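Contents: one structure, followed by commentary.
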Amino acid sequence: MRLRRLDLTRYGRFTDHRLDFGAAEPGAPDFHIVYGLNEAGKSTSLSGFLDLLFGIEQQSRYNFLHPYSAMEIGALLEFGGAERHLIRRKQRTGSLSDGAGQSVNEAVLANALGGLSRESYRAMFSLDDETLEAGGEAILQSRGDLGELLFSASAGLAGISAALAKAQDEADAIHRKQARSTQIYLLKQKIEALDAKRKEIDTAASVHNALASDLAKAAEAYEAVVADLGSLRRRRAEIETLLRALPRLRDHESLRAELEADGDAPTPPASWREAFPKLLAETVRIDGALRRVTDERARIDAERESAAPNASVLALRVSWRALEGDRARARTAEDDLPKRRREMEATEAALQQLLLRLGAPAGLEPEDLLLPAPLAGALRERIEGRLALDARLAKALQEEREAEHALAQSEARIAGAEAMPSDPRALAELDAARALARRSDVAARLAHSRAEEARRKPLAQARMEALQPFEGDVAALRALALPDADRIAAWRQRLTECARRVGEAEARLREADTESRLAATRLRALEKSAGPIDDAHAETLRAERDAAFAAHRAALSEATAERFAQVLRADDELSRERLSRARDLGELRQLGAALATAETAAERWRDLLEVARDDGARLIGEMDAALPEALRGETAEGAAILSRLDLFARRRQEALDAFAALDETRAARLAAEEDAGRLSNALEEALRALGRAPTSRDLALLCEAADAVLNEATEMGARQAAAQADLEARRADLARRRREADEARRAGEDWASGWRALIAESGLTARLGRALPGTDPAEPGASFSALGPQVGAVREMLPVLLELPARLHALSDLRHRVETMEANRRTFETALEDLIERSDLAILEPGSAARAERLGEEIAEAERGAQTLRHLDAELHRLAAEESELIVAQARVGTEASAMTAFFGVEALEEVGPALEAAQERARREARLADWERDLLADLGVASLAEAEARLSQAEREALEEEREALDARVHDLEARRETLFRTRSDAADALERVGGDGAVARLVAERRTAILEMEELALRALKLRTGALMANEALRLYRDRHRSAMMERASDAFRTMTRGDYTGLATQSEKDSEILIGLTRAGGSRLAADMSKGTRFQLYLALRLAGYEEFARARSPVPFVADDIMETFDEPRSEEVLRLLAGLSRHGQVIYLTHHRHLCDLARQVEPRVRLHEIASAQREPA
1 MRLRRLDLTR YGRFTDHRLD FGAAEPGAPD FHIVYGLNEA GKSTSLSGFL
51 DLLFGIEQQS RYNFLHPYSA MEIGALLEFG GAERHLIRRK QRTGSLSDGA
101 GQSVNEAVLA NALGGLSRES YRAMFSLDDE TLEAGGEAIL QSRGDLGELL
151 FSASAGLAGI SAALAKAQDE ADAIHRKQAR STQIYLLKQK IEALDAKRKE
201 IDTAASVHNA LASDLAKAAE AYEAVVADLG SLRRRRAEIE TLLRALPRLR
251 DHESLRAELE ADGDAPTPPA SWREAFPKLL AETVRIDGAL RRVTDERARI
301 DAERESAAPN ASVLALRVSW RALEGDRARA RTAEDDLPKR RREMEATEAA
351 LQQLLLRLGA PAGLEPEDLL LPAPLAGALR ERIEGRLALD ARLAKALQEE
401 REAEHALAQS EARIAGAEAM PSDPRALAEL DAARALARRS DVAARLAHSR
451 AEEARRKPLA QARMEALQPF EGDVAALRAL ALPDADRIAA WRQRLTECAR
501 RVGEAEARLR EADTESRLAA TRLRALEKSA GPIDDAHAET LRAERDAAFA
551 AHRAALSEAT AERFAQVLRA DDELSRERLS RARDLGELRQ LGAALATAET
601 AAERWRDLLE VARDDGARLI GEMDAALPEA LRGETAEGAA ILSRLDLFAR
651 RRQEALDAFA ALDETRAARL AAEEDAGRLS NALEEALRAL GRAPTSRDLA
701 LLCEAADAVL NEATEMGARQ AAAQADLEAR RADLARRRRE ADEARRAGED
751 WASGWRALIA ESGLTARLGR ALPGTDPAEP GASFSALGPQ VGAVREMLPV
801 LLELPARLHA LSDLRHRVET MEANRRTFET ALEDLIERSD LAILEPGSAA
851 RAERLGEEIA EAERGAQTLR HLDAELHRLA AEESELIVAQ ARVGTEASAM
901 TAFFGVEALE EVGPALEAAQ ERARREARLA DWERDLLADL GVASLAEAEA
951 RLSQAEREAL EEEREALDAR VHDLEARRET LFRTRSDAAD ALERVGGDGA
1001 VARLVAERRT AILEMEELAL RALKLRTGAL MANEALRLYR DRHRSAMMER
1051 ASDAFRTMTR GDYTGLATQS EKDSEILIGL TRAGGSRLAA DMSKGTRFQL
1101 YLALRLAGYE EFARARSPVP FVADDIMETF DEPRSEEVLR LLAGLSRHGQ
1151 VIYLTHHRHL CDLARQVEPR VRLHEIASAQ REPA
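Going left to right, the sequence shown walks through residues 1 to 1184 as full-length UniProt numbering numbers them.
What follows is the structure in C-alpha cells.
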C-alpha cells in the first residue's frame, strides 16, 4: 500500500486541506519529510491517516471544529496495482465509501494492510515517542507481531505460540498429574461413586418387598393419627370461640341497656363537627378586627391634625428644584475661584521664564516664537538622525579595521598549517580492516560463547551430582547399561497386571465378606422376629417328641405321658407356626444358603490374593536384580523401582545433554578465538604500516586504535578545508565592510545639506533678533563638510519652543473659566433673593450659601408634611373597605351560629360544643354495639343475635374449660405419636428409596459404562494434544534456528549504523523459557536495553522496527512507514544516520517523517538529495 494523497476535508482544525505525496518515481527512494511548526497539525494528520484506515474512534478528540456528523477524511491510495479513492466519515455503519459515494467493504483495506490491526500498526510502523517506547518494550518481551517476528523469525508464526499454549491448557484440563480438578479425575470420582451406590442398593427382592410393606403400614398409621388430630383441633377451636363469645355477649347487653336508658336524642348534621370550631374562631376574629379598625381610625385623625404643611413654602418647591443647577454651579465657583486665579498667575510667570531661557528681547510676545508642528518634527527627526549617523560611521570604520585584522590572522593560519600525514593507500587498508572487524560478530560470538561456557559448566556438574549415588565420570555414565525400553515396558505391564489381580482379589474379598456379614445379620434379624421356626429347631423338637413317645411307650406312666403330651403340644405348635410363616421359613433357608455361598467365595478370593502377592514379590526381585549396583535395594515397591529407574534415566540423559552442550560451547569459543586472532593480525599489520605499533592484540583495543588514526586523518583534512573556507570568507567580509564605510560617509553629507535647509526655513535668527551660535567643526575627523547652525544649541532650544503652545493654551483656558464662574455666582444670588421675598419666612442668615441652605430645609419640611397627609388618607380609605368586609362576614357567621343554637336549644354559641360532644359519643357507642354484634354472629356462625344468645345460654364456662384442658392433653399425646410415626414412615421411605428396584441398578451400570467411554475419549484427546504440541514446538524451534539470523543481522546492522560503531551489534541469550536481547559494545562488553541511555534505547527500538519492516515487506505487501518526531532524544550525528537508514528503507516501501525541526530537513537533503519536502502552513495550527 502507498499513500498518494491525504485529504483532511473536515477533521480537527483542518477544512479542505490536502497533503499530496505525488506518484512514486521508479528507481528513486519514496522518502517524504513533512515539516510544520508546533501545533501546525502534524499529529492531527497522522491521526487522520490512521482513522482513514481503521475508522474514526468512538470518542475522537478531533471534533472541536467540525461535529461528529460532519467529520470526513479522504485519501488516494495505491494497492493491488491500482489507485483507489476512499472516503471515511464518522458513522456507525457504512463509514467507508469511494469517490462516487458507494459503500466499500472494510475487507478491502484489511487485505491491503496484510491483516494489521490499528494497535499493531501503531506499535510497529506508525510511531511517535509513546508508541516507539511502549512497542519497543513489548518487542523485547516477545509480545505482539513484531516481537514474535524477532524471536520467532516470521510474522506468519504469530499465532502458533498462542495455539500451542491453548492446546497445552486443554490437555492439562483433561489430565494433569496429582491434579484434582481435571476432567479424568472427576470422571474417576464419578465411577467410584456409582460403584458405591450400586453396592448400596443392590439388595434381594425379598428385602425390597419387606421394606415396601413397612412403608405402607407406617403410612396407614400416620394418616389415622393425622385424622384424629384434625378432629380434636376442630373441637378445641369451637370451644375457644364459645369462651371468647360469652364475655362479649355480656358487654353487648350492658351497652345496649345504656343506650336505651339515654333515650332518643337529636342527631346533628355530620358536617357540624368540623364546622363548629371554625365558626367559633371566625366569630372571635371578626369581633377583634372591628375593634382594631375603630382604634386605627382614631389614631389617623390625630396624626392628620399635626401634619398640616406651610402652603406658601410648599408653593416654592418647583422653582427651588429649577434653581438646583445654578446653586451647584455657584457653590463650585465659590470653592474654585481662588485656586483658578492662583493657577493663572503661575502660568503667566512660567511663560516669562521660557522667554528668558530662549534669550528673547524685552517686549517680545510668546506667540511670535511659535513653530509649525511639521517643522518642529522635521528638526527633531534630523537631530536624532545626526546621532544615528555618527554611531553608524564609527561602527563601520571599527568593523573595517577588525576585518583587516581577521584577514591577516587567517592568512597566517594557512601559512602555518601542517600537511596531511601518512600514505592514503595505507589508510584505506586500515579502514577496510577496521570495517571488516566492525561488521564481524566475532566479539559477540566470543562473549556469548564464554558466557555460555561459564553458565553451562556448573550446570553440567550439577546434572552429574544429581545422579547420586552414581560416582563415575562422564565416560562411565555413557557406558552404563540400563534395561531397555521393551523390558521396562514388560515390567510395567506385569506390575500393572499383578496390581490389578491384587486389587480385584481384595475387592472381591471385601464384597464376599460384606455379603457374608449382611446375610448373617439379616438371618439373625429374621430369626429374632420369626422365632425358632428353622429346620434345625424343628428337627430337634421332632427328635425330642420321638424320644418322649418311646419313653412313654416303654413306661406307660403318668409322668411319661405328661412329658410326651408337652413335647407333642410343642411340636404341634411349631408345625402350626411354621405353616403360618411359610414365607419367613423359605427366606430363612435362602439366607442360610447365601451365607454359605459368601463364606466359600471369601475363602477362594483369599487364596487368589496370596497367589497374586507372591507373583508381585517375585517380579520385584527380578527387577531389582537387573538394576545397576547404585540403584539397588532402596525400596521393595515395584512402582517406586520403576519411578527411580525412570528418574535416573532422565537425569542421565540430562547430564549427557549438558556435557554435549558444554563441548559444543567450547568448540564455538575456540572457533571465535581463531576468527578474532585473524582479524587482530590484519589490524596490527595495517597499523604497523602507518607507523603506529599497537600495545595490545585485543580486537576491541585494535579497533579503537584504528579509529583514532582514521579520525586523526579525517580531522586534519577537515581542518585544512575549514581554514581555506575561512580565508575566503574573511576576504569577502573585508570588501563588504569597506563598502559599508563609504555608504556611511555619503549619508553624512546628505544629512548636512538637509539640516541647513531646515534652519533657513525656521527663521529663528530673525525671530530672536540675534544670530545663532556658529557652525560645528566637522566631527569626527572629516566625516561631514561645513555644517549649519550649531546642532547642540538647536537641540536645547527645541523643547522650550515646543512647550510654548501648551502654556499659552493653558493660560487662555484659565482666563475663560474664571470669567464663567463669576457670572454663575451672580445669577444664583439674584434668583435666591427673589424666592425668599415670595415666601413669608424671615431668613436672616448671612451669605448666599447659608440662606440657600435654610430655604431648602423649609421647603423639604413642607414636602414631608404633604407626603404624610397623602399616606394617612390612603390608610383611611383602606380601613373603610376592611370595615365593610368585616360587617358582611359578621352577618354570615351570625346566621350559621343561630342555626346551631336553635337546633340544640341553647342561648350562646359556646354551649353548642358540649352538645356536639354528647351526640358524637352516642354515635360511637352505637357503632361499637353494631361491630360487637357482627363479630359475635361471625364467630358463632349463626344468622341472628337470637340464635347466638340461645346457643350461648346452653354453654357453661367451667365445663368448656375442663373440656379444653382434656383436649389439650390428648392433642399433645397424639402430636408426639404423629412425630414418631412420621419419622418411621420417612425412614421406611428412605430405606425403600435406597434399595430401589431392578431399573436403578441397570441405570447405574449404564452411567458407569458411559463414564468409562468418556474417560477413554478424553485420554485419547489429551494424548493427541500433547503429542501434537511436542512435535509443533520442535518444528518451531528448528524453524527459528534457520530463519532468525537474517532479521537479527539486519537489526544489528541498523543499530551499529545509528550508533556509529559505539555498539557493534545485537545478540540473544537464553534465560529460563525465553530469550533476551543484549547490545554488544565497541569495547567487547554487553548491555541490556534497560541499562542504555534513553536516546540509545529509543535507537534500539527503532532499529528493531526497521529490521521488522524489511522482514514484513518480504512476506507481505509493504505499508507506509510513518514516524512523528521520534528523534527528540537523538544527537545530530545519530539523527543523520537514522535519516540515512530511513532513506534506504524507502526503497522497500513509502516512508513519511513528520517534524518541526528545520535542521532535520537540511540533514535529510544532505543524506538523500531526492527526498520530497512538504510543509503544513502555520495558519492551520491546532488550538493549544
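Glycine residues also receive a C-beta, built at the ideal position from the N, C-alpha and C atoms.
Remember, predicted model here, so these are calculated numbers, not experimental data.
Assuming residue i and residue j make a contact with CB atoms under 8 Å, what is their CB distance in whole Å?
i	j	result
TYR222	ARG924	53 Å between Cβ atoms; not a contact.
LEU916	TRP272	6 Å
ARG964	ARG236	6 Å
VAL34	HIS1174	5 Å
Indicate whether at least one CB of chain B lies closer than 8 Å to the CB of residue i.
i	result
ALA428	Absent from the structure is chain B; it holds one protein chain and no more.
Tell me, which residues are paired with residue i by DSSP?
i	result
VAL34	LEU1154 and HIS1174
GLY1065	LEU1080
ALA75	LEU6 and LEU86
ASP20	ARG5
ARG1087	GLY1079
residue 1188	The displayed coordinates of the chain run from 1 to 1184. Any statement about residue 1188 would go beyond what the structure contains.
THR267	DSSP lists no partner for THR267.
THR15	ARG10
Classify residue i: buried if its beta carbon has 16 or more other beta carbons within 10 angstroms, exposed otherwise.
i	result
THR540	exposed
ILE1012	exposed
HIS809	exposed
GLN1166	exposed
PHE49	buried
LEU670	exposed
GLY621	exposed
THR820	exposed
LEU787	For LEU787, the predicted structure reports a pLDDT of 48, less than 50, and the residue's modelled location is therefore unreliable. A value from the coordinates is still provided. LEU787 comes out buried.
HIS405	exposed
GLY230	exposed
LEU940	buried
LEU387	exposed
GLY905	exposed
GLN1099	buried
residue 1185	In this structure the chain extends from 1 to 1184, so residue 1185 is not present and cannot be described.
SER516	buried
ASP646	exposed
MET1058	buried
ILE1176	buried
ASP1162	exposed
Next on the checklist: Quick check on the DSSP output: what are the complete beta strand (DSSP E) runs of length 3 or more inside the segment 1119 to 1145, in order along the chain?
Outcome noted: 1121 to 1124
Checklist entry - Along the chain, which unbroken stretches of the alpha helix (DSSP H) at least 4 residues long are found entirely within the segment 93 to 146? => result 106 to 112, 118 to 124 and 129 to 140
Checklist entry - Three or more beta-carbon pairs under 8 Å between the segment 8 to 25 and the segment 56 to 71, yes or no? => result yes
Item to check | Every unbroken alpha helix (DSSP H) inside the segment 881 to 912 [4 residues or more] | outcome: none
Item to check | Stretch-stretch touch, CB-based, cutoff 8 Å, three pairs: the segment 37 to 53 with the segment 1109 to 1126 | outcome: yes
Checklist entry - Are the segment 1110 to 1122 and the segment 1072 to 1092 touching by the rule of at least three beta carbon pairs closer than 8 Å? => result no
Item to check | Complete runs of the alpha helix (DSSP H) confined to the segment 537 to 606 [at least 4 residues] | outcome: 558 to 580
Checklist entry - Using 8 Å as the Cβ pair cut-off and three pairs as the minimum, do the segment 121 to 135 and the segment 2 to 11 touch? => result no
Checklist entry - Can you list the beta strand (DSSP E) stretches of 3 or more residues lying completely in the segment 821 to 869, in chain order? => result none
Checklist entry - Curious, which full-length alpha helix (DSSP H) runs of at least 4 residues does the segment 441 to 473 contain? => result 442 to 465
Checklist entry - Are at least three pairs of beta-carbons, each pair with one atom in the segment 487 to 501 and one in the segment 676 to 689, less than 8 Å apart? => result no
Checklist entry - Counting pairs of Cβ atoms below 8 Å between the segment 859 to 870 and the segment 343 to 360, do you hit three or more? => result no
Checklist entry - Any contact of the segment 849 to 862 with the segment 366 to 383, i.e. 3+ C-beta pairs under 8 Å? => result no
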